[in-house]
Structures are given as structure tokens and as C-alpha cells.
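Structure record follows, encoded as C-alpha cells.
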Amino acid sequence: MISETYKSMLSGKSVIRELSEYATARGKEIGYDNVFDYSLGNPSVAVPKAYNDKLIELITGGDPMLVHGYSPSLGIPQVREKIAASLNARFGMAYSGEDIFMTSGAAGALAHAFRLVTAPGDEILTFAPFFPEYNPYVNLSGAKLRVVPASFADFQINFEAFEQMLTQSVHAVLVNTPCNPSGVAFTAETLKRLAEILTAKEKELGHEIWLISDEPYREIVFAGADAPYVSKFYPRTISCYSFSKSLSLPGDRIGYVAVNPASGVSKMLATMCGQISRGIGHNCPTALMQLAVADCCGMTADLSVYETNMNLLFDCLTELGFEIVRPSGTFYMFPKALEADSIAFCKKALKYDLILVPGDSFGAPGYFRIAYCVDTEKVRRSLDAFRRFVRAEY
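Quick note on numbering: the sequence shown equals residues -2 to 391 in our numbering.
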């Protein structure tokens, strides 16, 4: 029998992917340089030379059995140790290598985290606007995703709605900071209040509530932004990380789970990830990528272009009358559309070869996402297209 669950998903294709495919097709007609494709969050800056050099060194001179062999199920020990040491040095934590589990990117990390701390039927809360893929990530794990309405004024947390939704069924809370799609990071004040509420609710409900932090954009933070490390605020935090954005290597699919040692059960949970892998067919990422990132886990690609692009777009769009919460980081911004129907708004933008993503699937109808991980020269040329679009349509 064919699975009806996955068959039904064929009709629910990602809006982001559909727009990206449209942009590619349109580019074949008029030249892709003339399509202002702000649909897909694909890093646009070069991988650090040190990373490529390390790959070459490993391939040409490394031990073939280590470089190309099976990795231990929890990840290569020396890689886990180096990542723990990097986190401790940068964020004042106390991780050991035994608190780290290597994964195929942040998606793989989340897949393990959800299964670590929930049972089928348990609820996980997240905050709008949110990454739409959280729906299948959570719901296909057996847990149930519920979305707290957005705090549109600042894209921090709508605490009133959050506390009302913290019921007996909730066993985990999922945060993404800095956030896709808003670009906003939760401040220290927000995270402190979140931790206080979770601690009080644990006592009230009589069970633990885990905080799962999805943080692939952790290193893309703009000048003056308050973007603290989430695990500093709450002991039962599981950090889910990917090197895709910081090192600009999304296709290499490498990340990790880091369980806060203050939880008292971090080593057990990291070890449990190996057992979860047996059920979901994860079986750890390639040894080559683990070894390469181990020597580069404290560095980043040149991420400054994203702040340059953000400033250009923010200044232009606010002058045109858009309401925007200024991003703290990432390569996204999430303006309010100039009409209530953001899908209609984005369809009109296509006439000007502006590929924008409506906010409906992010839990925020009436808004739209701009993924500005494109060449700055192209961003500059797109500003005139935005001006023509707004003046002609609105």
C-alpha cells in the first residue's frame, strides 16, 4: 500500500521552492541577471579558503580509512571535542565532546531533538513568524506543532498568548534566533523572561519542558544587535546548529546537536541520538565534512555583504512606505505588504521580476519575506524595480 501521508504531501509543495523554480524559468527567458530573485535562502558568499584547503589536505594526504570510512555513530570524537571547545570559548559554556552529536545539518539536528524529548501526541510550541518546514519536521516525528501568534510590533515573543498555550500537553518549545523569516533575534530580556516562564510552568505542570534552539544563523548578526546564546539562559536547552550559513556550505550538510550540560542529562541525550538515528536512517554525516569543519568551527565566511544588502533594502523600502522591523541578522527581512493579501501582493511583484515570498506559510498573512543573499550589485539594481512596482501598483 502506498503511504497516503506522503502522497498527500505531493500537493503541498513548498511555496519558496515553487517561486525559486519560477525565477529560474524566467531567467531563461530574459537572463537571470534581470530577475530579482529573493525567494531562496541560499548563501551567496564564498566558502573560506581555509575550509577548501582543509578538504584538499584531507583528500590528498589524510588517512583514507578515516577520511572515507564510516564515522562512529555519535560522530568522530576529536571533532566533537573541538566543537565543544569552540562553544565554550565563545559563549562561556561547559560542554564536553560527549555533549555533542554530529548531524546532517540543522534539519538533522532538529529531527533528533524532537524525538529526544517528546512522545507521540506531545505538543511543541513555536513562534510566528516561523520556518514553514517546521510543520513536517515536527508533525512527522509524532509530535504536534502549535504556533504562538506573532508579536508584530517587534517580532519578539507574544508572551500573553504563549502562556495561555503552555498546557499540560506541551513538552518542548522551539525557537529560531536570529529568525527565518524576520531576521530578528530574541534579546537577552526576551530569553530571560522565556526561561522564567518555562521554569515556573514546569513546577505548575509537573513535568520538564525542553527548549530546542534552531540556530543556523547564529553567526550572522549585525552591528549593535542583541543576539545572545540561547543555552546561557535555560538549563534544558538543546542547540541545533548547521555550518551551512556561517561557512557558506549548505550543500555539505554538516551540523550538530549540543545538549546543555547544565541539564544534568546531556551525555545521556547525546548518546540517545545514536539510537534515534537507527530509527530514522540518519547514520551520521560523512567523515570528510566532520573533519573539515572541526578545524574551521570558530571561523566564518565573509558575512558582511548581508548587512550591506539589508541596509540598502531597508532604507529604500522604508522610504517607499513599507513597515519593517529592522533585522538583527540572517539574510532575511519581513516587511508588511502594501495590501492585506500578501499572496496578491507578491503576484503583482512578479510583473516587475521581483520574486518575493508571501508570509502566509510563515504564519503571518499580510507580510512577505525577502531573502537578500544575492550579489550587492543586483540588490542595487532591484531598488528601481521596487520603486516602479510600488508607484505603478499602489
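Every residue gets a Cβ at the ideal spot worked out from N, C-alpha and C, and that includes glycine.
CA-to-CA distance, residue j to residue i, given in whole angstroms
{"i": "Ser325", "j": "Asp223", "result": "8 Å"}
{"i": "Leu347", "j": "Pro40", "result": "23 Å"}
{"i": "Ala291", "j": "Ala110", "result": "22 Å"}
{"i": "Leu208", "j": "Ala192", "result": "9 Å"}
{"i": "Ala125", "j": "Val172", "result": "10 Å"}
{"i": "Glu78", "j": "Lys345", "result": "51 Å"}
{"i": "Ile27", "j": "Gly58", "result": "46 Å"}
{"i": "Met286", "j": "Ile73", "result": "11 Å"}
{"i": "Lys4", "j": "Ala185", "result": "43 Å"}
{"i": "Ser17", "j": "Arg190", "result": "38 Å"}
{"i": "Leu380", "j": "Tyr231", "result": "42 Å"}
{"i": "Phe33", "j": "Ala382", "result": "9 Å"}
{"i": "Leu314", "j": "Tyr48", "result": "36 Å"}
{"i": "Ala182", "j": "Asn280", "result": "32 Å"}
{"i": "Lys264", "j": "Ile206", "result": "18 Å"}
{"i": "Arg112", "j": "Ser260", "result": "17 Å"}
{"i": "Arg14", "j": "Lys200", "result": "43 Å"}
{"i": "Tyr131", "j": "Gln161", "result": "21 Å"}
{"i": "Pro362", "j": "Asp151", "result": "16 Å"}
{"i": "Arg377", "j": "Ala389", "result": "20 Å"}
{"i": "Pro355", "j": "Val371", "result": "19 Å"}
Classification of residue i by the beta-carbon crowding that lies within 10 angstroms, buried from 16 upward
{"i": "Asp60", "result": "exposed"}
{"i": "Asp398", "result": "Any property of residue 398 remains undetermined from this structure, which presents the chain solely from -2 to 391."}
{"i": "Gln272", "result": "exposed"}
{"i": "Glu120", "result": "buried"}
{"i": "Met62", "result": "exposed"}
{"i": "Pro282", "result": "buried"}
{"i": "Lys46", "result": "exposed"}
{"i": "Tyr67", "result": "exposed"}
{"i": "Glu212", "result": "buried"}
{"i": "Tyr391", "result": "exposed"}
{"i": "Gly9", "result": "exposed"}
{"i": "Thr123", "result": "buried"}
{"i": "Tyr29", "result": "exposed"}
{"i": "Gly276", "result": "exposed"}
{"i": "Lys25", "result": "exposed"}
{"i": "Asp96", "result": "buried"}
C-beta atoms of residue i and residue j nearer than 8 Å
{"i": "Thr373", "j": "Thr305", "result": "yes"}
{"i": "Gly248", "j": "Tyr238", "result": "no"}
{"i": "Val42", "j": "Ser358", "result": "no"}
{"i": "Asp350", "j": "Arg23", "result": "yes"}
{"i": "Gly102", "j": "Arg215", "result": "no"}
{"i": "Ile340", "j": "Ser36", "result": "no"}
{"i": "Ser138", "j": "Ser274", "result": "no"}
{"i": "Ala317", "j": "Arg233", "result": "Contrary to the premise, residue 317 reads as Leu rather than Ala in this sequence. No; because the gap between Cβ atoms is not below 8 Å, this pair is not in contact."}
{"i": "Pro175", "j": "Ile217", "result": "yes"}
{"i": "Ala197", "j": "Leu52", "result": "no"}
{"i": "Val170", "j": "Leu202", "result": "no"}
{"i": "Ile56", "j": "Val44", "result": "no"}
{"i": "Met90", "j": "Ser210", "result": "no"}
{"i": "Pro178", "j": "Phe331", "result": "yes"}
For residue i, the three-state DSSP class (helix, strand or coil)
{"i": "Val32", "result": "coil"}
{"i": "Gly326", "result": "strand"}
{"i": "Met99", "result": "strand"}
{"i": "Gly94", "result": "helix"}
{"i": "Val76", "result": "helix"}
{"i": "His168", "result": "strand"}
{"i": "Gly24", "result": "helix"}
{"i": "Leu285", "result": "helix"}
{"i": "Thr373", "result": "helix"}
{"i": "Gly295", "result": "coil"}
{"i": "Arg143", "result": "strand"}
{"i": "Asp249", "result": "helix"}
{"i": "Tyr3", "result": "helix"}
{"i": "Val354", "result": "strand"}
{"i": "Phe365", "result": "strand"}
{"i": "Tyr238", "result": "strand"}
{"i": "Lys333", "result": "strand"}
{"i": "Ile206", "result": "coil"}
beta-carbon residue i near the ligand PLP non-hydrogen atom, thresh 7 Å
{"i": "Thr283", "result": "The ligand content of the structure shown is nil, which means the ligand PLP is not present either."}
Opening and closing residue of the beta strand (DSSP E) in which residue i lies
{"i": "Val394", "result": "Since the first and last residues shown for the chain are -2 and 391, residue 394 lies out of range."}
{"i": "Val302", "result": "Val302 -> not in any beta strand (DSSP E); alpha helix (DSSP H) instead, spanning 301 to 316."}
{"i": "Phe124", "result": "120 to 124"}
First through last residue of the alpha helix (DSSP H) which encompasses residue i
{"i": "Thr57", "result": "46 to 58"}
{"i": "Thr268", "result": "263 to 277"}
{"i": "Phe159", "result": "156 to 162"}
{"i": "Ile340", "result": "339 to 347"}
{"i": "Ile194", "result": "185 to 202"}
{"i": "Leu63", "result": "61 to 64"}
{"i": "Asn136", "result": "131 to 136"}
Cβ of residue i within 8 Å of any chain C Cβ
{"i": "Ala289", "result": "Although the question refers to chain C, the structure presented lacks it and comprises just one protein chain."}
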